[in-house]
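Shown next, in structure tokens, is the structure this report addresses.
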Ligand code: URA
Ligand code: SF4
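In structure tokens:
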């Protein structure tokens, strides 16, 4: 674990700890406010993120930005990262060995950001952060406290593209987050 951003960022530059290094264009480290109270964790980069090196800039990211705008969450004021930092081929889910290899970086990011609240975007984020016993359908919308951090699991933004009902629930979940931030 590094106690500063510079060393952490330098440590990842040529990472080859898992097989996702073979096809990536860019490592998508994370973006936003480095001491944010609110953090978002997604799954892994898609094609657009891989090209730009920035999380949530593609279709799903645009939908998430729209929700942020509607609810009054400033993207500049939050920190956004993913379970794996290199794009899984064909947008498949990260495999367990890949997530395990990459999670130390994310843990280190969480340690440095020190967020009060973490929004877990979808099943991959939920299971890798809180444990395989959690399911997104049962857990979404419900606060879970662990080691002084409040977690809000919700749908992955890509799931909203296919399902209007999930869109509504995603908004409800982010509204809860917004309310909690204002307490
Ligand atoms: N989906 C994710 O999980 N993360 C991104 O950065 C983009 C799409
Ligand atoms: Fe390294 Fe993570 Fe990329 Fe795997 S996904 S090569 S562990 S940065």
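In our numbering, the protein residues as written are 14 to 196.
The beta carbon of each residue, even a glycine, is placed where N, CA and C say it ideally should be.
- Sorting 114, 190, 160 by C-alpha distance to the C-alpha of residue 133 places 190 at the top.
- Collapsing the DSSP output to three states places residue 40 in coil.
- Taking C-beta atoms as the reference points, residue 137 and residue 96 count as a pair closer than 9 Å.
- Judged by pairs of C-beta atoms under 8 Å, the stretch 58-69 touches the stretch 21-41, as three or more such pairs exist.
- Taking C-beta atoms as the reference points, residue 58 and residue 88 fail to come closer than 9 Å.
- Taking non-hydrogen atoms of ligand 2 into account, the C-beta of residue 118 is found less than 8 Å away from one of them.
- When DSSP reads this structure, residue 166 sits in a beta bridge with 133.
- The C-beta distance from residue 26 to residue 52 rounds to 22 Å, too long to fall under 8 Å, and the pair is not in contact.
- For residue 162 against residue 128, the beta-carbon gap comes to about 7 Å, under 8 Å, which counts as contact.
- Take the alpha-carbon of residue 104 and the one of residue 126: they are about 27 Å apart.
- An exposed status is given to residue 85, since fewer than 16 other beta-carbon atoms sit within 10 Å of its beta-carbon.
- Closest in C-alpha terms to residue 185, from the list 50, 195, 176, 167, comes 167.
- Per DSSP, reduced to three states, the secondary structure at residue 93 is strand.
- Annotated three-state conformation of residue 158 is strand, per DSSP.
- Closest option to residue 171, judged by alpha-carbon separation, among 71, 152, 83, 24: 71.
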